[in-house]
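Structure first, commentary second.
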Amino acid sequence: MADRFVCRVGAEQAGMELKYVLRQAGLSGSRLKAAKRIEGGILRNGEAALANERVSEGDLLEVSLMEEKESGVVPVEGEVNVLYEDTALLVIDKPPLLAVHPGPGHRTDSLANLVEGLYVKRGEKRLFRPVNRLDRHTSGLMAVAKDAHCHGALVRQMQDKRFQRLYLAVLEGKMEPETGEIDLPIGRKAGSAIARCVREDGEKAVSRYAVLMQGENACLAAFRLETGRTHQIRVHAAALGHPLVGDFLYGTERPPRCLLHACALSCISPDTGREVRVFAPPPEDMRAAMEEMGLEAPGSAEELLGRLGEAGRRALWPEGF
Numbered sequence: 095m096a097d098r099f100v101c102r103v104g105a106e107q108a109g110m111e112l113k114y115v116l117r118q119a120g121l122s123g124s125r126l127k128a129a130k131r132i133e134g135g136i137l138r139n140g141e142a143a144l145a146n147e148r149v150s151e152g153d154l155l156e157v158s159l160m161e162e163k164e165s166g167v168v169p170v171e172g173e174v175n176v177l178y179e180d181t182a183l184l185v186i187d188k189p190p191l192l193a194v195h196p197g198p199g200h201r202t203d204s205l206a207n208l209v210e211g212l213y214v215k216r217g218e219k220r221l222f223r224p225v226n227r228l229d230r231h232t233s234g235l236m237a238v239a240k241d242a243h244c245h246g247a248l249v250r251q252m253q254d255k256r257f258q259r260l261y262l263a264v265l266e267g268k269m270e271p272e273t274g275e276i277d278l279p280i281g282r283k284a285g286s287a288i289a290r291c292v293r294e295d296g297e298k299a300v301s302r303y304a305v306l307m308q309g310e311n312a313c314l315a316a317f318r319l320e321t322g323r324t325h326q327i328r329v330h331a332a333a334l335g336h337p338l339v340g341d342f343l344y345g346t347e348r349p350p351r352c353l354l355h356a357c358a359l360s361c362i363s364p365d366t367g368r369e370v371r372v373f374a375p376p377p378e379d380m381r382a383a384m385e386e387m388g389l390e391a392p393g394s395a396e397e398l399l400g401r402l403g404e405a406g407r408r409a410l411w412p413e414g415f
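For the record, in the sequence shown the residue sitting at position 213 is 307 according to the working numbering, with numbers rising by one throughout.
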């Protein structure tokens, strides 16, 4: 994919307008519109082309994916833990207590600053385009698209459930039953700009969970989200009487933080068309806190699946893993 979207005209598309062929190939209308404003932004067999001209079988169409605007993010050079990369996306293991976007108190020390700093260091003109987002306290895997076209393709995968995430959460108390589905609507909590709560008029929210290990006063559970509401795991766990350990908003604040980690991510690369599967074990602060509670984190995807067992896998993926 790199900086250009490329497709070949098929026999059934001969005689169609170029723009319709590109849309059929998956290019968004907004991306095509942006390319029109760039000199040489649309090419047909290496020559500048118009969006409404007719194409022939075998024509090679290319559309520029170069960024037109600045993000306003200050690029900062620093460590970015990239676990997977191709020409369409990065999968990054975000450390805990790092904000995703710049904000008050975090103008130059967010993940956005670091990723755009990485692009500048490489000599690439790109914007920070996260596909999924994590709270500042939450650690783990985030997919970052390299251009607007790939971002749109990955967002569509989230909508049709081809983009999947799995989380590890340490909950207060012993969770019973050890597997289940939580189907409770979530809405904004009255009087708060941040907090959410379960409420009848909220948006539909469905979480699946399976307990991996029970401790004396806490347990380790894996969560898979069927929907993507703000604070969904935190709100659902608290609603069942088992808030996340360290959750300052829905439970009791305690160091080192709210113990939630995005441990696995899978999607289809918009470039290669191949499935991408990435696993990241919890970071040191979470593992140390768990050890104090008599809990042990899985160190690999294979270990995670083994500890889930057949019942746990069936609970998280009833449609089949």
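Quick reminder that beta carbons are idealized off the backbone N, C-alpha and C, glycines included.
- Task: With E396 as the anchor, note down where its alpha helix (DSSP H) starts and where it stops.
- Result: In the sequence shown, the residue the question calls residue 396 occupies position 302. Looking at the DSSP string, the run of the alpha helix (DSSP H) that includes E396 is A395 to L410.
- Task: Mind reading off the beta-carbon distance from E320 to R302? Whole number of angstroms is fine, and I expect it under 8 Å.
- Result: If you number the sequence shown from 1, residue 320 lands on position 226. If you number the sequence shown from 1, residue 302 lands on position 208. With 8 Å as the limit, E320 and R302 qualify as a contact, their Cβ atoms being about 7 Å apart.
- Query: Nearest CA to the CA of A299: which residue from E106, G403 and V329?
  - Reply: Residue numbering aside, residue 299 sits at position 205 when the sequence shown is read from its first letter. That would be V329, whose Cα lies nearest to the Cα of A299.
- Cβ contact (3+ pairs, closer than 8 Å) linking the segment 339-349 and the segment 190-208: no
- Verify whether the separation of the beta carbon atoms of A304 and A263 is less than 8 Å. What you label residue 304 is simply residue 210 of the sequence shown in a count that begins at 1. What you label residue 263 is simply residue 169 of the sequence shown in a count that begins at 1. Result no, Cβ atoms of A304 and A263 do not sit closer than 8 Å.
- Query: Buried or exposed: where does A382 fall if 16 or more other Cβ atoms within 10 Å of its Cβ makes it buried?
  - Reply: Against the sequence shown, residue 382 aligns to sequence position 288. Label assigned to A382: exposed.
- Task: Assuming V100 contacts E161 (C-beta within less than 8 Å), just tell me the rounded distance between them.
- Result: Stepping through the sequence shown from its first residue, residue 100 is reached at position 6. Stepping through the sequence shown from its first residue, residue 161 is reached at position 67. Between V100 and E161 the beta-carbon gap is near 18 Å, outside 8 Å, which marks them as no contact.
- Item | Enclosing beta strand (DSSP E) for Q308 [first to last residue] | Here the question's residue 308 lines up with position 214 in the sequence shown. From DSSP, the beta strand (DSSP E) with Q308 extends over V300 to Q308.
- Query: At which residue ranges does the segment 315-374 contain complete beta strand (DSSP E) runs of 3 or more residues, listed in the order of the chain?
  - Reply: 354-362 and 369-373
- Item | Inter-stretch contact at 8 Å, needing at least 3 Cβ pairs: the segment 237-257 / the segment 175-189 | yes
- So, is A405 buried or exposed, given that buried needs 16 or more other C-beta atoms within 10 angstroms? Translated into positions along the sequence shown, residue 405 becomes position 311. Exposed is the call here.
- Task: Would you mind working out which of Q258, G414, R371 and T232 sits nearest P377, comparing C-alpha positions?
- Result: Counting from 1 along the sequence shown, the entry for residue 377 is found at position 283. The candidate whose alpha carbon is nearest that of P377 is T232.
- Message: Taking the alpha carbon of D97 as the reference point, which residue from G172, I362 and R125 has its own alpha carbon closest?
- Response: Stepping through the sequence shown from its first residue, residue 97 is reached at position 3. D97 has its Cα closest to that of R125, out of G172, I362 and R125.
- Item | Segment limits, beta strand (DSSP E) that includes L265 | Taking the sequence shown and counting its residues from 1, one reaches residue 265 at position 171. From DSSP, the beta strand (DSSP E) with L265 extends over Q258 to E266.
- Cβ-based neighbour list, P364, same chain, cut-off 6 Å, excluding 5 preceding and 5 following: For the purposes of this step, residue 364 is taken as the residue at position 270 of the sequence shown. The residues are A182, C244 and A247.
- Message: Does the segment 346-355 come into contact with the segment 270-284, if we say contact requires no fewer than three beta-carbon pairs (one atom in each stretch) closer than 8 Å?
- Response: no
- Item | In DSSP terms, what G274 is bridged to | For the purposes of this step, residue 274 is identified with residue 180 of the sequence shown, where counting begins at 1. In the DSSP output, where bridge partners are listed per residue, G274 has Y303.
- Task: Below 8 Å on the Cβ atoms is my guess for N226 versus A237; work out the distance and round it to an integer in Å.
- Result: Here residue 226 refers to the residue found at position 132 when the sequence shown is read from its first residue. Here residue 237 refers to the residue found at position 143 when the sequence shown is read from its first residue. At roughly 6 Å, the Cβ-Cβ gap stays under 8 Å, so N226 and A237 are in contact.
- By DSSP, does M236 sit in helix, in strand, or in coil? The count along the sequence shown starts at 1 and reaches residue 236 at position 142. The three-state reading of DSSP puts M236 in strand, counting E and B together.
- Message: Distance check for L112 and S286, CA to CA, integer angstroms please.
- Response: The residue you call residue 286 lines up with position 192 of the sequence shown. The residue you call residue 112 lines up with position 18 of the sequence shown. S286 and L112: Cα-Cα distance of roughly 50 Å.
- Item | DSSP state of R117 mapped onto helix, strand, coil | Position 23 of the sequence shown, counted from the first residue, corresponds to residue 117. Reduced to three states, the DSSP call for R117 is helix.
- Can you tell me whether DSSP reads D187 as helix, strand or coil? Residue mapping note: residue 187 aligns to position 93 of the sequence shown, counting from 1. Residue state, collapsed to three classes: strand.
- Message: Please identify the residue among G234, V174 and L410 whose C-alpha is closest to the C-alpha of R318.
- Response: Here residue 318 refers to the residue found at position 224 when the sequence shown is read from its first residue. Residue L410 is the option with its Cα nearest to R318.
- Query: Exposed or buried, what is Q326 when buried is set at 16 or more other beta-carbons lying within 10 Å of its beta-carbon?
  - Reply: Within the sequence shown, the letter at position 232 stands for residue 326. Q326 should be labelled buried.
- Residue interval of the beta strand (DSSP E) (run including L137): Locating residue 137 in the sequence shown gives position 43, where the first residue counts as 1. Here the beta strand (DSSP E) through L137 covers I136 to R138.
- Boundaries (first-last residue) of the beta strand (DSSP E) holding E179: For the purposes of this step, residue 179 is taken as residue 85 along the sequence shown, with counting starting at 1. From DSSP, the beta strand (DSSP E) with E179 extends over V176 to E179.
- If you draw a straight line from the alpha carbon of E218 to that of E171, how long is it in whole angstroms? In the sequence shown, the residue the question calls residue 218 occupies position 124. In the sequence shown, the residue the question calls residue 171 occupies position 77. Using only the alpha carbons, I get a separation of about 14 Å.
- Query: How is A105 classed by DSSP in three states: helix, strand or coil?
  - Reply: Position 11 of the sequence shown, counting from 1, holds the residue named residue 105. Three-state DSSP puts A105 in a helix.
- Item | Reference P412, options E179, A332, G140 and G274, closest by Cα | To locate residue 412, count along the sequence shown from 1; it is residue 318. The shortest C-alpha separation from P412 is found at G274.
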